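Colleague: Sequential numbering of the sequence shown, starting at 128, is according to this note's numbering.
Glycine is no exception: its CB is placed at the ideal position from the N, C-alpha and C atoms.
The structure displayed is predicted, hence computed values, not measured ones.
I'd like to ask you about the structure that follows.
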Amino acid sequence: MRIVVLAGGIGGARFLRGLKAAAPEADITVIGNTGDDIHLFGLKVCPDLDTVMYTLGGGIHEEQGWGRADETFTVKEELAAYGVGPEWFGLGDRDFATHIVRTQMIGAGYPLSAVTEALCARWQPGVRLLPMSDDRVETHVLVEADGERKAVHFQEYWVRLRASVPAQAVVPVGAEAAKPAPGVLEAIAAADVIVFPPSNPVVSIGTILAVPGIREAIAEAGVPVVGLSPIIGDAPVRGMADKVLAAVGVESSAAAVATHYGSGLLDGWLVDTVDADAVAGVEAAGIRCRAVPLLMSDLDTTTRMAREALDLAEEVRA
Ligand code: FO1
């Protein structure tokens with residue numbers, strides 16, 4: 128079975144561990160969000176691609192869900208000693224190696240997709256990890272902060288500001304001119320099922336869908352598209368998805384996210400058991416819906432919810 132998953136950061140990566148366990152023979156292609164990418168110290172950092180690669184490759188810092196395990200921060204301290212910032216983004220020594228290799232390869236003319244393939248040769252994530260695009264896309268957030276209205280890079284909004292101020296707009300800068308990376312449209316066309324994991328619907332999955340051609344390819348794939356709600360009981364499980372959902376006028380509820388994606392895209396939607404009362408509304412919107420436990424507290428629960436998603440896809444296909 129060929130499965131295509133649109134993944135953002137921590138939630139998507141954790142879900143993928145369960146999906147691999149639920150469907151060990153499946154051929155899984157991950158289309159990774161690159162709108163979170165940031166250029167720091169002359170290096171290109173790809174948080175969502177690295178989170179998938181490290182999580183599935185066994186190098187992730189488990190509690191954080193990002194960065195490497197057993198990290199040290201000597202380079203970061205030395206940069207600070209030179210007064211070279213920003214200090215609010217925690218890049219560890221091991222992680223720096225990934226960004227140095229990536230930046231070096233890009234400088235030598237390799238596209239991000241080839242670089243990602245090269246990095247994954249070491250980590251063996253057990254899925255094919257494709258960036259959504261080889262073109263530069265960087266999400267910026269319009270905020271009213273420090274007494275002025277300004278656009279800040281998504282990472283500054285997310286990490287320095289901790290999403291403490293409302294996002295007035297979320298703009299994936301460059302998306303409109305970006306092309307799907309090599310293999311992305313082919314993977315979608317060849318898929319037997321397409322999955323939207325519990326990633327951030329705006330800055331992760333929304334950004335991937337903003338690359339011209341991807342949303343259309345999914346809508347026209349003619350195979351079941353099934354999503355899992357990142358919102359449980361009107362609150363995001365992790366991260367601050369509600370802050371960016373508000374920016375696009377979507378209320379922070381499992382049902383609202385489903386209708387935000389729309390029945391033109393989604394065939395099935397899983398909500399958590401605490402949101403069982405949302406099932407009827409989602410079904411009324413033309414999207415098959417089931418309430419199952421969605422809290423990814425361990426590999427077992429994640430594997431079960433991945434299995435539920437695949438079962439729902441078969442129910443939809445029938
Ligand atoms: N998230 C934080 O909350 N604080 C950090 O200092 C931080 C550093 C960091 C470094 C590399 C990397 O790949 C991710 C990092 N993240 C950090 C997480 C990152 O902001 C998020 O994983 C995604 O951008 C959102 O999914």
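Determine the contact status of aspartate 262 and lysine 203, defining contact as a CB-CB distance below 8 Å.
Modeller: no
Colleague: When DSSP labels each residue in this structure, what does aspartate 154 get in the three-state scheme?
Modeller: For aspartate 154, the three-state secondary structure derived from DSSP is strand.
Colleague: Using the DSSP secondary-structure output, state which residues sit across from proline 363 in a beta bridge.
Modeller: Per DSSP, the beta bridge partners of proline 363 are Ile358.
Colleague: Would you say valine 384 and leucine 422 are within 8 Å of each other, going by their C-beta atoms?
Modeller: no
Colleague: Tell me tryptophan 193's beta-bridge partners as DSSP assigns them.
Modeller: Bridge partners of tryptophan 193: none, in fact.
Colleague: Check whether the Cβ of aspartate 163 lies closer than 7 Å to any heavy atom of the ligand FO1, and answer yes or no.
Modeller: Result yes, Cβ under 7 Å from the ligand FO1.
Colleague: So, is methionine 259 buried or exposed, given that buried needs 16 or more other C-beta atoms within 10 angstroms?
Modeller: buried
Colleague: Comparing alpha-carbon positions, which option in Ala382, Asp438, Pro324 lies nearest alanine 411?
Modeller: Ala382
Colleague: Tell me whether glycine 184 counts as near the ligand FO1, meaning its Cβ is closer than 7 Å to at least one heavy atom of that ligand.
Modeller: Not under cutoff, so the answer is no.
Colleague: What I want to know is whether the C-beta of tryptophan 193 ends up closer than 7 Å to one or more non-hydrogen atoms of the ligand FO1.
Modeller: yes
Colleague: What do you reckon, are the CB atoms on glycine 451 and valine 179 nearer than 8 Å?
Modeller: The chain is shown from 128 up to 445; residue 451 falls before or after that span and cannot be answered.
Colleague: Can you tell me which of the three DSSP states proline 309 falls into?
Modeller: coil
Colleague: Flag this pair as yes or no: are the beta carbons of proline 324 and leucine 372 separated by less than 8 Å?
Modeller: no
Colleague: Taking glycine 366 as the reference, give the member of Val352, Lys277, Thr243, Ser291 with the closest Cα.
Modeller: Ser291
Colleague: Hey, how far is the Cα of phenylalanine 142 from the Cα of histidine 387?
Modeller: 21 Å
Colleague: Any idea which residues DSSP pairs histidine 267 with across the strands?
Modeller: His280, Val298
Colleague: Using a Cβ-based criterion (distance less than 7 Å to any ligand heavy atom), does tryptophan 285 qualify as near the ligand FO1?
Modeller: yes
Colleague: Return yes when the Cβ of aspartate 402 is within less than 8 Å of the Cβ of valine 443, no when it is not.
Modeller: no
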